[in-house]
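First up is the structure itself, then whatever we jot down about it.
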Amino acid sequence: MLGLNIALKRSVLVACVSLSALSACGGHIDSPTQDAPTQLSAGAAATGDNFSAQVAQQILAAGGNAVDAAVATAFTLAVTYPEAGNIGGGGFMTIYMNGQPYFLDYREVAPAATSPTFFSQFSTADGKEDPQSSVQGAQAVGVPGTVMGLWTACQRFCKLPWQQLLAPAIALARNGYIPSQDSVDNYSGTIAADQGHPYPINLSEYFGGMKANQTFTQPDLAATLDRISSGGADEFYKGKTADLLVSSMTQDGGKGVISKADLASYKPVWRQPISFTWKGMTLLTAPPPSSGGVALAQLLGMKADLANTAFTGVPVNSVQYIHLSAEMMKRVFADRATYLGDPDFVSVPVAGLLDPDYIAQRAAEVNPTAISPSASVVPGKPKFHTTHFSIVDKWGNAVSNTYTLNGFFGSGVVVRGAGFVLNDEMDDFATVAGQPNALGVVGGDANAVQPGKRPLSSMSPSILLQNGKVAMVIGTPGGSHIFTSLYQVLSDVYDYNMPLADSVKNMRFHHQLPQGTVVYYEPYAPFPSSLVSELATRGYSVANSGFNTDVAAVQIVNGNPIPVSDPRGRGASVVAK
Ligand code: GLY
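For the sequence shown, the positions run 1 to 577 when my numbering is used.
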């Protein structure tokens, strides 16, 4: 009955499928901010690393707006953060520009030669589909969206020339940058795994020579970025880079299927961001094909409904806090698995899922004393990577951008001759209905592989508005842990009045279906043993998630931007006068 109720309240999402329909998408003026009055004391950015933070600062100081800085930051991370920063992946950008909200979906799509049974051809000795086949190698790659996404955002909003925005990334690729000991140590296992891999990968060819504290140059990538700088996005999708990418599908015996037609037809989509009222503020966040915005809004909404009952007097990160949150997270993951997918292919009942009555009903199902029963299979948790940055300019505009290769170094395939890593986003589809993917989450028909379809994401780049002005820009990498982490940070700041920096470094937990009695902690902040014992008493087991989320946020306090980077990652924050 519940499902029927939700299905009847069909989505109000407006998906804007062509660039010619821009006026209907976010629906307002496109002119950037040349004449807008300054609203903030400065611009600011919290980005994935120090190199990209410096570039964001330079672009903001040169008069660029938040989108200019976002484009330059994204290209820089493709050079200095190769495990997740990318031109071979895809992502989402939430924009607040001249007082209007926008959302750009530049998620990867499944190649035309795929089908719901595409991965059944890759089987293990026992005849079952090999879960590795959607994770590594050329057959795991979705048609990349990043370059067309950045180009499209820039065409609409940039003040500075495209070439100026690519120049810092090109210089870092050509002249080199100095990687830290930590990042080289972190990469070494993944890069060495080339040998004897069942699906050909070639990371060591491009990254095997990287040494800590020594200049690392990427001449092929520099040449690729140079071509994109002079030829625009068309060069990536129709030019020499496209030829090299198509050749990489079968390099070393690979079985990838991306064709020139797939690349030539790739289009980002302007969509209406989810706009959800929370504590008198407006949360702008990611609509489908992300599950993240729906999930984040459901979590914050349920918690608000329970604020004066179950949550009264419950301290942050106490056993009862974790139990109540886990009860809410279970319900979010049940909806995710059943209802969410690419809205251009399946009808996603967003309005029903965010209906206050429905959220109140789900909140009322939370059992304050016992674990609601669910299946308890616990798959492994490999290393994931995505990266997020949050930027504001002095005019009060904001960009919240999360983009990804999915896994750490994506599919492990580097386009030979072009020097960039390709994603393994096909694993975000439910390649077999009901079977957990590498993130341990399940899906059904709504998220089955189909040519041209976008895999369901959890990325949730978000902007919080108070009285029409930006109050916070926030996001994180972390797959299905993205929206549960953002829920915790936002609740810490706005329910418990915690300073943003304290909240970002606070211990975080995660709970999802089908692993219904497991509470995950992050390696950065393991649970104290007393909490582990208390959770065990309540019937939970505790597991290490195996990776950290990495929040990057900017809060605006009295007109001053306060950027905060997570101590879990190598992110950096800057203020630009
Ligand atoms: N690839 C992770 C996500 O999109 O959620």
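Glycine included, every Cβ here is placed at the ideal spot set by N, Cα and C.
Between glycine 43 and lysine 394, the gap from beta carbon to beta carbon is short of 8 Å. Contact between threonine 146 and glycine 91 holds, since their C-beta atoms are separated by about 6 Å, short of 8 Å. Comparing alpha-carbon positions, the option among Ile87, Asn50, Ala56 lying closest to alanine 576 turns out to be Ala56. Glycine 137 and tyrosine 199 do touch by the CB rule: their CB atoms are close to 2 Å apart, below 8 Å. Residue pairing by DSSP places tryptophan 395 in no beta bridge whatsoever. The nearest non-hydrogen atom of the ligand GLY is less than 7 Å from the C-beta of asparagine 406.
The count of Cβ pairs closer than 8 Å, one atom from the region 155–170 and one from the region 118–136, stays below three, leaving the stretches out of contact. Going by DSSP, glutamine 132 is part of no beta strand (DSSP E) at all; its letter is neither H nor E. Contact check for serine 248 and serine 457: beta-carbon distance about 23 Å, past the 8 Å limit, so the pair fails to qualify.
Of the heavy atoms belonging to the ligand GLY, none sits nearer than 7 Å to the Cβ of aspartate 252. For phenylalanine 389 against threonine 47, the beta-carbon gap comes to about 4 Å, under 8 Å, which counts as contact. In the structure shown, arginine 336 falls within a helical segment according to DSSP collapsed to helix, strand and coil.
It is roughly 18 Å from the alpha-carbon of glycine 571 to the alpha-carbon of arginine 508. Using a cutoff of 7 Å, the CB of serine 458 counts as near the ligand GLY, since one of the ligand's heavy atoms is closer than that.
Taking every protein chain shown into account, the CB of threonine 215 has fewer than 16 other CB atoms within 10 angstroms, so this residue is exposed.
For lysine 303, the enclosing alpha helix (DSSP H) has its first and last residue at 292–306. Pairing serine 115 with serine 529, the inter-Cα distance amounts to about 47 Å. Under the DSSP assignment, leucine 464 falls in the beta strand (DSSP E) whose first and last residues are 462–466. With contact defined as three or more Cβ pairs closer than 8 Å, the region 341–358 and the region 510–519 are not in contact. Apart from the 5 residues on each side of it in sequence, glycine 410 sits with its Cβ closer than 7 Å to the Cβ of Gly88, Gly89, Val421, Leu422, Asn423, Asp424 in its chain, given in chain order. Relative to the non-hydrogen atoms of the ligand GLY, the Cβ of aspartate 428 comes within a distance shorter than 7 Å of at least one. Taking a C-beta distance under 8 Å as the contact criterion, lysine 330 and serine 372 qualify as a contact pair.
Inter-segment contact for the region 322–329 and the region 493–505 is absent: fewer than three beta-carbon pairs are separated by less than 8 Å. By the criterion of at least three beta-carbon pairs nearer than 8 Å, the region 499–507 is not in contact with the region 423–439.
By the neighbour-count definition (other C-beta atoms within 10 Å, threshold 16), glycine 468 is an exposed residue. In the three-state scheme derived from DSSP, where H, G and I count as helix and E and B as strand, phenylalanine 75 is classed as helix.
Listed in chain order, the non-local C-beta contacts of threonine 94 below 6 Å within the same chain comprise Phe103, Pro273, Leu284, Ser400, Pro461, Ile463, local neighbours out to five positions each way being set aside. DSSP links leucine 283 through a beta bridge to Phe276, Leu464.
With fewer than 16 other beta carbons inside 10 angstroms of its own, threonine 312 counts as exposed. The Cβ atoms of leucine 500 and valine 519 lie no closer than 8 Å to each other.
Glycine 479 has its CB nearer than 7 Å to a heavy atom of the ligand GLY. Straight-line spacing of the CA atoms in glycine 452 and tyrosine 540 works out to 40 Å.
If you draw a straight line from the Cα of aspartate 550 to the Cα of glutamine 488, it comes to about 13 Å. Look at the beta carbons and you see the region 357–373 touching the region 296–316: at least three pairs across the two are nearer than 8 Å.
Here alanine 370 is exposed. Its C-beta has fewer than 16 other C-beta atoms within 10 Å. Counting C-beta atoms within 10 angstroms of its own C-beta, isoleucine 178 has fewer than 16 neighbours from the protein chains shown and is therefore classed as exposed.
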